[in-house]
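Protein chains: 2
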Amino acid sequence: MTLRFASRLDNVETSAIRELFKLLGKPGIISFAGGFPDAAMFDVEGVREAANAALTEEPGAALQYGATEGYQPFREQIVGLMAAKGVQSLTPDQLIVTTGSQQALDLLGKTMISPGDKVIVEGPTFLATIQCFRLYGAEVISAPTDENGVIPEALEQLIAEHQPKLVYLIPTFGNPSGVLLSLERRRQILEMAVRHQTLVVEDDPYGDLYFDAPPPPSLLALSDSVPGSRDYLAHCGSMSKVLSPGLRLGWLIAPAELLGKCVMCKQFSDAHTSTFSQATAAQYLKAGRMPATLDRVRTTYAARSKAMGDGLRSQLGDAVRFVQPQGGMFIWVQLTGARGQEKDGNALAKRAIEQGVAFVPGTPFFAQNPDASTLRLSFATADIARIEEGIARLAKAL
Amino acid sequence: MTLRFASRLDNVETSAIRELFKLLGKPGIISFAGGFPDAAMFDVEGVREAANAALTEEPGAALQYGATEGYQPFREQIVGLMAAKGVQSLTPDQLIVTTGSQQALDLLGKTMISPGDKVIVEGPTFLATIQCFRLYGAEVISAPTDENGVIPEALEQLIAEHQPKLVYLIPTFGNPSGVLLSLERRRQILEMAVRHQTLVVEDDPYGDLYFDAPPPPSLLALSDSVPGSRDYLAHCGSMSKVLSPGLRLGWLIAPAELLGKCVMCKQFSDAHTSTFSQATAAQYLKAGRMPATLDRVRTTYAARSKAMGDGLRSQLGDAVRFVQPQGGMFIWVQLTGARGQEKDGNALAKRAIEQGVAFVPGTPFFAQNPDASTLRLSFATADIARIEEGIARLAKAL
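Chains as they are written, first to last, in this note's numbering: chain A, 1248 to 1645; chain B, 1248 to 1645.
Here it is in structure tokens:
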């Protein structure tokens, strides 16, 4: 057969992570590879009660077609969530509900990117963002980062040089970097957006997952104090990392004109996000169960993060370098090659699988200039005993 | 602010239907405008039991990230549904679950259509298909139809002339036409697909909604008897018209290479469809509740269709011409202009709203050469008394 496919497919390949995941079926393997939350943390009873309440109180709305913009009671609950995180003066009509925050990225790509347009992302960044934007024909430019996130001076230079359609950042506990963009840099980036009239997309799925102190305010929360910046800021949020990824609920906050165009595109992407999921989540939030669930997740992930950091330090010593995360789900590790030890993440990934532990090598997270000495370890899904055993296996593989 | 949007947005406008829908808030209006099923038909208790069973038996799977291809038990249930409709030898890996069948269209657009490519649709056809494909840069060509569906000779001529990337058809109780493509024509179209090596997309959300006799086999069911045709056939199915649109569940069956590319694109569109919705639907189908629900819907819609047809004949007489539907949700009406009566569907729509009844004028359903004398009436949501009253108001408006 001779189907001729769209030329946009030439810009992407199937995810390297996906290929790796096929190996994870191997029995007994300890995986630090996933980007998943721990299913044992899900508040199943809370979701059950919420789903039942939705079907009792609003069965028509929960099961019928709904507005493309989202189910109004859920939009109102999201405004409440955002207010609790310092985002004031947000109204429900300034956000739309998306089918996971992945769809928010897809809608931003669809509305903003023409073939050949440039976008800037952090190096490293979320793999699916790179691929999503490339499918719309973007040339994806990688901005340098350090342990405080993206480097503003370097970013501004790239913006001036490339005139990108948008800059995509995960400022808080980034995937895969785990790092926190400093408050000072957050302010600089908002000012830069205004100065260059360039859209900045803040992806914030992990901001709730802090361990001790809350992170600095999101770019969105901070935008009130940087005049004009709200006109150049889009913000993606998610219910996936704490409540449940299976509900597929995210949201997009953006300037009105852009948001309207995203709604138009969403009409033809999936018409609207599952109203059953939205009504369930709205009931869950209304029932006030989120704070307790969040506390439980924070405490658990904090302990696992510590266990993994301790293990890396004690068992891999000078072979690795990393910043101990203050939140999120990931440790981003650099192989130092000290004393002739393995310095290539891809090579180590293969040897690690043989030893019964899996992680994602860092290369695919870079849109340009991949640093092959990096790897991403997730501490979210394995319990402490398995984290310790997994790190021991990693040490053996090294 | 000065955001520069993607050029693909220049190909579409916000749906005319959407603008019309804003008027439907007027109190007391009887609406034949929606494409919605009747929410009163939803088996709310069945969905509740299914959701609870999903959360009891498989809470991890129902709430966690899932495979982009779909939740395996739901894929297996879909194979069962299709087998009951005469589709033999289908396996779960030959289909993927989509976020409503709208997403199947979006994925077909994303994988198949480069800017400037041509696609052929029926004139008239589903409005959101036209817009969806245009967003990917398609030039949408309209093929002529009659009371037996698309006219094969005319379609073949257009295929030869335009070399389209795909031909999109709703062969069974089409939206908006309500008509049934004849068996003979179905076979001709499959042969044509093979002869011209052209992908045919069969959208089949309404096939289950027959009133008396089942419709002819779907193109998919028929493809077993037309050698080679399966290689050029994609089929979109939906849970939205009977079980619930709010679950946002559809599926796509397509040749392996195309299906693989759709999976890759879906990864970056929404990662996967709500596993909570999928697990709920899988439990619902497993519980065997679908046949009774379907019977109830068929009986109700058959009576409403008859009431609307009778009303049109008795109250509007020679001012209208239409084919009495044998299934589906719509009557497609042509204004004849007899005895100097209104012949313009758009003008009538405005006058009808003033009289307290709404419908969608036919113009937006045409990708080319709109027939302004047409209108689409849905008989699905209003009960018989309101249908009779609505038709009386329509007569008054005329």
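Positions of the beta carbon are idealized from the N, C-alpha and C atoms, including for glycine. Just so it is clear, the structure is predicted and the values come from calculations on it, not from any experiment.
Residue-chain proximity (residue i, chain A), Cβ-Cβ < 8 Å
i	result
residue 1606 of chain B	no
residue 1483 of chain B	no
residue 1509 of chain B	no
residue 1472 of chain B	no
residue 1313 of chain B	yes
Residue of the options minimising C-alpha distance to residue i
i	options	result
residue 1611 of chain B	B:1345, B:1600, B:1596	B:1596
residue 1376 of chain A	A:1583, A:1441, A:1449, A:1307	A:1449
residue 1413 of chain A	A:1424, A:1422, A:1439, A:1400	A:1439
residue 1524 of chain A	A:1258, A:1310, A:1473	A:1310
residue 1372 of chain B	B:1630, B:1622, B:1587, B:1458	B:1622
residue 1484 of chain B	B:1470, B:1462, B:1499	B:1499
residue 1383 of chain B	A:1516, A:1600, A:1568	A:1516
residue 1274 of chain A	A:1251, A:1298, A:1628, A:1605	A:1605
residue 1257 of chain A	A:1379, A:1504, A:1359	A:1379
residue 1461 of chain A	A:1562, A:1573, A:1638, A:1644	A:1573
residue 1576 of chain A	A:1559, A:1555, A:1465	A:1555
residue 1331 of chain B	B:1305, B:1640, B:1454, B:1504	B:1454
residue 1365 of chain B	A:1594, A:1285, A:1552, A:1253	A:1253
residue 1434 of chain A	A:1475, A:1507, A:1315, A:1594	A:1475
residue 1422 of chain A	A:1582, A:1359, A:1616, A:1608	A:1608
residue 1645 of chain A	A:1619, A:1624, A:1592	A:1592
residue 1658 of chain A	A:1444, A:1588, A:1419	Look at the range of chain A in this structure, 1248 to 1645, and you will see that residue 1658 of chain A is not part of it.
residue 1491 of chain A	A:1280, A:1290, A:1278	A:1290
DSSP state of residue i mapped onto helix, strand, coil
i	result
residue 1574 of chain B	strand
residue 1406 of chain B	helix
residue 1443 of chain B	helix
residue 1553 of chain A	helix
residue 1647 of chain B	For residue 1647 of chain B there is no data in the structure shown, the boundaries of chain B being 1248 and 1645.
residue 1645 of chain A	coil
residue 1623 of chain A	strand
residue 1392 of chain B	strand
residue 1479 of chain A	helix
residue 1460 of chain A	coil
residue 1278 of chain A	strand
residue 1345 of chain A	strand
residue 1369 of chain A	strand
residue 1312 of chain B	coil
residue 1453 of chain A	coil
residue 1536 of chain A	coil
residue 1384 of chain B	coil
residue 1360 of chain B	coil
Chain A residues whose Cβ lies nearer than 9 Å to that of residue i
i	result
residue 1359 of chain B	1250, 1251, 1252, 1253
residue 1523 of chain B	1294, 1298, 1491, 1493, 1494, 1495, 1521, 1523, 1524, 1527
residue 1350 of chain B	1346, 1516, 1517, 1518
Closer than 8 Å to chain B by CB, residue i
i	result
residue 1322 of chain A	no
residue 1346 of chain A	yes
residue 1256 of chain A	yes
Contact set between residue i and chain B, taken where Cβ atoms lie within less than 9 Å
i	result
residue 1336 of chain A	Here the premise fails: no neighbours, minimum Cβ distance about 18 Å.
residue 1341 of chain A	Chain B residues near residue 1341 of chain A: none, gap ~14 Å exceeds 9 Å.
Amino acids of chain B, ordered along the chain, whose beta-carbon sits closer than 8 Å to that of residue i
i	result
residue 1353 of chain A	1515, 1516, 1517
Contacts of residue i in chain A (Cβ-Cβ under 7 Å)
i	result
residue 1438 of chain B	Chain A residues near residue 1438 of chain B: none, gap ~15 Å exceeds 7 Å.
Q. If you measure beta-carbon to beta-carbon, which residues of the stretch 1367 to 1393 of chain A are closer than 8 Å to chain B?
A. 1375, 1378, 1379, 1382, 1383
Q: Anything in the stretch 1279 to 1311 of chain B with a Cβ closer than 7 Å to a Cβ of chain C? List those residues in chain order, please.
A: Checking the listed chains, one finds no chain C in this structure; the protein chains it contains are A and B.
**Q.** Residues in the stretch 1406 to 1432 of chain A having any Cβ partner in chain B nearer than 8 Å
**A.** 1412
**Q.** Near-chain A residues of the stretch 1613 to 1639 of chain B (beta-carbon distance less than 9 Å), N- to C-terminal order
**A.** none
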